[in-house]
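Chains V and R, in that order, give the protein sequences.
Just so you know, we're using the working numbering here: the first sequence kicks off at 1 and counts up by one.
Just so you know, we're using the working numbering here: the second sequence kicks off at 442 and counts up by one.
The structure under discussion appears below in the form of structure tokens.
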Amino acid sequence: MLRRTKVLAGLFGLALAAATGAALAAGEQFVPLLSYRVGPYAAGGSGFFGGYIDYMNYVNMKEGGINGVKLSWEECETEYNNSRGVECYERLKKHGGGASMVQPLSTGISYSLIDRVATDKIPLVTIGYGRTDAADGSVFPWVFPMITTYWSQASDIIKYIETKAGGADKLRGKKIVHLYHDSAYGKEPIPVLEAYAKQLGFELTLIPVAHPGNEQGAQWLQIRQIKPDWVILWGWGVMNPTALKAAAKVGYPRTQIIGDWWAGSEEDVIPAGDAAKGYTAAAFNGSGANLPLVQAIKKVVYGAGKGNLEDKSRIGSVYHVRGIVSGIVTVEAIRVAQEHFGKGKVMTGEQVRWGLDHLNLTEARLKQLDADGLMPPTHVTCEDHEGSGLARFQTWDGNEWKVVSGWISPDKQMLRAMIVESANKYAKEKGITPRDCSKEG
Amino acid sequence: MSFFFEVLVAGLLSGVMYALVALGFVLIFKASGVFNFAQGAMVFFAAATFAGLQQEHHLSVWLALPLALVAMVVLGLVIERVVLRPLVNQPQITLFMATIGLAFFIEGMSQMFWGSTPRGLSIGIEDQPFQWVSDRLNINISQFDVFAAFVSGILVVLLALFFQRTRIGRALRAVADDHQAALSVGIPLQYIWAIVWAVAGFVALVAGMLWGARNGVGFSLTFTALKALPVLILGGFESIPGAIVGGLIIGASEKVAEVYLGPHVGGGIEGWFAYVIALAFLLVRPEGLFGEKHIDRV
Numbered sequence: 001m002l003r004r005t006k007v008l009a010g011l012f013g014l015a016l017a018a019a020t021g022a023a024l025a026a027g028e029q030f031v032p033l034l035s036y037r038v039g040p041y042a043a044g045g046s047g048f049f050g051g052y053i054d055y056m057n058y059v060n061m062k063e064g065g066i067n068g069v070k071l072s073w074e075e076c077e078t079e080y081n082n083s084r085g086v087e088c089y090e091r092l093k094k095h096g097g098g099a100s101m102v103q104p105l106s107t108g109i110s111y112s113l114i115d116r117v118a119t120d121k122i123p124l125v126t127i128g129y130g131r132t133d134a135a136d137g138s139v140f141p142w143v144f145p146m147i148t149t150y151w152s153q154a155s156d157i158i159k160y161i162e163t164k165a166g167g168a169d170k171l172r173g174k175k176i177v178h179l180y181h182d183s184a185y186g187k188e189p190i191p192v193l194e195a196y197a198k199q200l201g202f203e204l205t206l207i208p209v210a211h212p213g214n215e216q217g218a219q220w221l222q223i224r225q226i227k228p229d230w231v232i233l234w235g236w237g238v239m240n241p242t243a244l245k246a247a248a249k250v251g252y253p254r255t256q257i258i259g260d261w262w263a264g265s266e267e268d269v270i271p272a273g274d275a276a277k278g279y280t281a282a283a284f285n286g287s288g289a290n291l292p293l294v295q296a297i298k299k300v301v302y303g304a305g306k307g308n309l310e311d312k313s314r315i316g317s318v319y320h321v322r323g324i325v326s327g328i329v330t331v332e333a334i335r336v337a338q339e340h341f342g343k344g345k346v347m348t349g350e351q352v353r354w355g356l357d358h359l360n361l362t363e364a365r366l367k368q369l370d371a372d373g374l375m376p377p378t379h380v381t382c383e384d385h386e387g388s389g390l391a392r393f394q395t396w397d398g399n400e401w402k403v404v405s406g407w408i409s410p411d412k413q414m415l416r417a418m419i420v421e422s423a424n425k426y427a428k429e430k431g432i433t434p435r436d437c438s439k440e441g
Numbered sequence: 442m443s444f445f446f447e448v449l450v451a452g453l454l455s456g457v458m459y460a461l462v463a464l465g466f467v468l469i470f471k472a473s474g475v476f477n478f479a480q481g482a483m484v485f486f487a488a489a490t491f492a493g494l495q496q497e498h499h500l501s502v503w504l505a506l507p508l509a510l511v512a513m514v515v516l517g518l519v520i521e522r523v524v525l526r527p528l529v530n531q532p533q534i535t536l537f538m539a540t541i542g543l544a545f546f547i548e549g550m551s552q553m554f555w556g557s558t559p560r561g562l563s564i565g566i567e568d569q570p571f572q573w574v575s576d577r578l579n580i581n582i583s584q585f586d587v588f589a590a591f592v593s594g595i596l597v598v599l600l601a602l603f604f605q606r607t608r609i610g611r612a613l614r615a616v617a618d619d620h621q622a623a624l625s626v627g628i629p630l631q632y633i634w635a636i637v638w639a640v641a642g643f644v645a646l647v648a649g650m651l652w653g654a655r656n657g658v659g660f661s662l663t664f665t666a667l668k669a670l671p672v673l674i675l676g677g678f679e680s681i682p683g684a685i686v687g688g689l690i691i692g693a694s695e696k697v698a699e700v701y702l703g704p705h706v707g708g709g710i711e712g713w714f715a716y717v718i719a720l721a722f723l724l725v726r727p728e729g730l731f732g733e734k735h736i737d738r739v
């Protein structure tokens with residue numbers, strides 16, 4: 001019933017502050033949540049923002065906030081719509097003394113906010129999505145495509161395929177199909193895949209799928225004819241289960257399909273039923289209800305009846321944990337900022353950016369947070385706003401995701417050159433003078 | 442050649458799935474002259490209700506199916522009572538706008554009742570090729586698609602009989618021609634509309650179950666309406682056989698275009714290619730292949 005109440009609230013555009021139990025008060029660190037709990041992408045949005053809120057609640061309840069500064073938040077429903085996202089950002093950016101940072105979980109909305117956040121001095125954090133070349137922090141000081149970008153992911157996928165093939169040299173003459181959502185998101189990794197095809201000598205075929213991707217008969221007949229050794233599935237929403245079902249229909253083995261991390265949640269495989277068994281996807285976060293931090297959140301937050309997910313079976317799901325990771329990044333960046341600017345004080349957006357620029361989530365720190373295995377170690381600097389690039393791979397066994405690889409590192413050297421080139425081009429177009437990171441404190 | 446034949450057959454069978462959704466539009470249009478923008482949302486609500494009753498309330502398929510049907514009939518009756526009845530004799534554009542509002546309401550209501558998480562749905566028919574056809578002809582023909590074609594065929598026959606051979610069916614056609622004239626000869630408009638919306642709910646349930654079994658039950662089912670639009674333009678908004686023939690033409694041509702033309706123009710063309718075909722037909726035959734030709738006296 002509470003879920004119904006919440007969705008109703010979303011439907012009528014009401015703020016969900018009451019439902020989350022968060023209240024704005026002086027001396028609290030405010031985090032605006034540009035969430036989406038209704039509409040076509042509500043499944044991912046509700047899991048992610050549920051995890052994000054659960055972690056902030058956990059920090060408030062267990063530690064009394066960050067050095068005594070409690071976190072507060074307010075949700076605004078974007079429905080994954082760019083104009084609604086901008087509207088929500090404008091509405092919330094000055095609430096609660098000012099936004100600490102914004103994480104819209106939408107590449108489209110993040111593109112729309114790039115110029116605005118620079119003007120407003122509010123960091124934009126895009127974990128695993130958004131503009132890849134924003135990893136160059138000298139050109140994009142306010143944007144943090146943290147942990148890993150689309151280009152790193154493409155590199156990680158090729159490296160994983162190399163391990164399965166028995167080495168990079170074994171890819172020569174092989175056929176790889178990139179089956180992608182025909183959008184900016186789906187096209188983003190193409191330059192990296194093309195560079196690899198040239199370097200490693202495999203034959204790359206690009207097959208786009210028109211939005212929303214609920215009909216892929218023609219694409220899979222093409223794949224059946226090509227007989228590729230591997231298919232990279234770069235899908236979104238209904239495109240993913242449809243692809244897996246269509247693959248089964250033409251008899252293509254799912255063990256040879258490698259998805260990206262937006263094709264690697266429970267919501268992507270459960271609708272496909274048995275057709276998803278054996279399918280592997282990339283991940284930059286762990287999942288599972290038995291992870292220590294998830295257990296702790298369950299005990300502290302859900303035990304007190306303050307958990308955000310109505311469907312308790314989703315606790316520890318891929319999207320839920322991804323939201324927890326975003327919560328960790330938020331809290332730790334504020335903590336780093338406080339250590340520099342004054343413990344127990346509310347940080348401004350500018351100070352939080354400093355915290356993000358100096359965020360070093362080492363294995364030891366992640367262990368202290370009970371988050372080892374939950375995300376890869378990440379070290380952000382002024383120049384490098386990605387900070388990691390690591391991804392690992394998980395296979396769906398019909399019931400749950402099983403991790404089948406360690407953290408795989410992308411070809412940083414190749415990608416960095418591409419990122420700098422693209423960022424410099426952007427700086428030239430926009431008349432931006434890149435900041436000198438050697439002079440940043 | 443066998444590959445071309447496989448593409449063609451796959452396209453024809455996909456077209457039947459589009460036609461299933463198009464049938465719901467045709468029903469409403471035939472009876473009220475209204476293009477029901479909410480048909481995709483009805484498909485979603487129907488499938489979500491059926492899957493939700495099974496998975497959330499652990500009901501057997503034999504209990505979930507009639508209950509979902511009851512829900513769709515009730516929805517149809519409520520729409521008639523609350524939305525359409527107050528709009529009798531209003532311009533058709535007003536009724537069309539009302540269905541736009543209805544679409545958003547039904548989408549929100551579905552997520553409110555059944556949550557936003559997509560569900561799997563099995564109706565016991567595997568989406569796998571017939572092995573003996575694959576072995577002998579090297580052509581994959583999906584068992585599921587053939588089943589869907591069979592179901593569509595039965596639906597078309599039943600609906601055609603309903604419209605042509607029953608009193609209610611004839612009354613429906615009279616109402617579609619002219620609300621006021623139908624009322625003046627004693628045809629109960631509200632009763633007729635309630636029936637047709639209930640039948641459209643039933644068709645939405647069938648379409649939702651088949652599309653849901655194919656791709657999963659989630660919000661994306663509302664997008665199936667996009668696939669039905671070119672079918673309607675081509676087949677005619679008022680023709681039940683037109684929905685099927687339109688579906689077959691659209692399905693086959695978009696698949697053939699995607700496979701043979703797509704690679705030369707960057708791919709991903711089937712989404713808009715169907716509309717190109719529909720537009721071409723529209724220019725030559727505005728009422729569609731099977732639509733009624735309107736002759737206006739001037």
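Every residue gets a Cβ at the ideal spot worked out from N, C-alpha and C, and that includes glycine.
Only a predicted model underlies this, so the values are computations on that prediction, with no experimental measurement involved.
With respect to R/GLY687, R/GLY676 sits close: the two C-beta atoms are nearer than 8 Å. With contact defined as three or more Cβ pairs closer than 8 Å, the stretch 124 to 139 of chain V and the stretch 60 to 70 of chain V are not in contact.
Residues are counted here when their Cβ sits less than 7 Å from a Cβ of chain R; for the stretch 254 to 274 of chain V these are GLU267, ILE270, PRO271, ALA272 and GLY273, given in chain order. In the three-state scheme derived from DSSP, where H, G and I count as helix and E and B as strand, V/HIS379 is classed as strand. Annotation: V/THR280 to R/MET538 spans about 45 Å, alpha carbon to alpha carbon. Counting only residues of its own chain and dropping the five nearest sequence neighbours on each side, V/GLU194 has a CB closer than 7 Å to the CB of LEU204. Separation of R/VAL515 and R/ALA509 (C-alpha to C-alpha, rounded to the nearest whole angstrom) is 10 Å. Going by DSSP, V/PHE30 is part of no alpha helix (DSSP H) but of the beta strand (DSSP E) stretching over 29 to 35. Residues GLN631 of the same chain have their beta carbon placed closer than 6 Å to that of R/ARG526, with the five preceding and five following residues left out of the count. R/ALA489 is the residue among R/TRP503, R/ALA489 and R/PHE591 whose C-alpha sits nearest the C-alpha of R/MET550.
Residues of the stretch 210 to 229 of chain V with a Cβ closer than 8 Å to any Cβ of chain R, in chain order: ALA210, HIS211, PRO212, ASN214, GLU215, GLY217, ALA218, GLN219, LEU221, GLN222, ARG224 and GLN225.
As the crow flies, the alpha-carbon of V/ARG314 is around 7 Å from that of V/HIS320. Considering only beta carbons, the part of the stretch 567 to 596 of chain R lying closer than 7 Å to chain V consists of ASP568, GLN569, PRO570, ASN581 and SER583, in chain order.
The Cβ atoms of V/TRP401 and V/VAL318 lie closer than 8 Å to each other.
Under the DSSP assignment, V/ILE207 falls in the beta strand (DSSP E) whose first and last residues are 203 to 209. For the set V/HIS181, V/VAL177, V/GLY201 and V/LEU33, the Cα lying nearest the Cα of V/THR78 is the one of V/LEU33. Per DSSP, the beta bridge partners of V/HIS181 are V/VAL209. CA-to-CA, the gap between R/ALA451 and R/ARG560 works out to about 25 Å.
In the structure shown, V/ASP115 falls within a helical segment according to DSSP collapsed to helix, strand and coil.
Here V/ASN240 has ALA263 and ASP268 as same chain residues with Cβ atoms under 6 Å from its own Cβ, once five neighbours each way along the sequence are excluded. Partner residues in the beta bridge of V/ALA391, as assigned by DSSP, are V/ILE408. Taking 9 Å as the Cβ-Cβ cut-off, the stretch 655 to 671 of chain R approaches chain V at ARG655, ASN656, GLY657, VAL658, GLY659, PHE660, SER661, LEU662, THR663, PHE664, THR665, LEU667 and LYS668, given in chain order. R/LEU543 and R/VAL519 have their C-alpha atoms some 11 Å from each other. Take the alpha-carbon of V/LYS159 and the one of V/ALA168: they are about 8 Å apart. Ranking R/VAL706, R/GLY707, R/PHE545 and R/ILE690 by CA distance to the CA of R/GLY729 puts R/ILE690 first.
DSSP, reduced to helix, strand and coil, places R/PRO671 within a helical segment of the structure shown.
Excluding residues up to 5 positions away in sequence, LEU630 lie with their Cβ nearer than 7 Å to the Cβ of R/LEU624 in the same chain. Taking a Cβ-Cβ threshold of 7 Å, the residues of chain V close to R/GLY709 are ASP182, PRO208, VAL209 and ALA210, in chain order. The stretch 401 to 418 of chain V makes contact with the stretch 140 to 154 of chain V, as at least three CB pairs between them are under 8 Å. Excluding the 5 residues flanking it on each side, V/LYS174 has same chain C-beta neighbours closer than 6 Å at PHE202 and ASP229, in chain order.
Not a single C-beta of chain V is nearer than 8 Å to the C-beta of R/GLN496.
Here the C-alpha atom of R/VAL523 lies approximately 38 Å from the C-alpha atom of R/ILE718.
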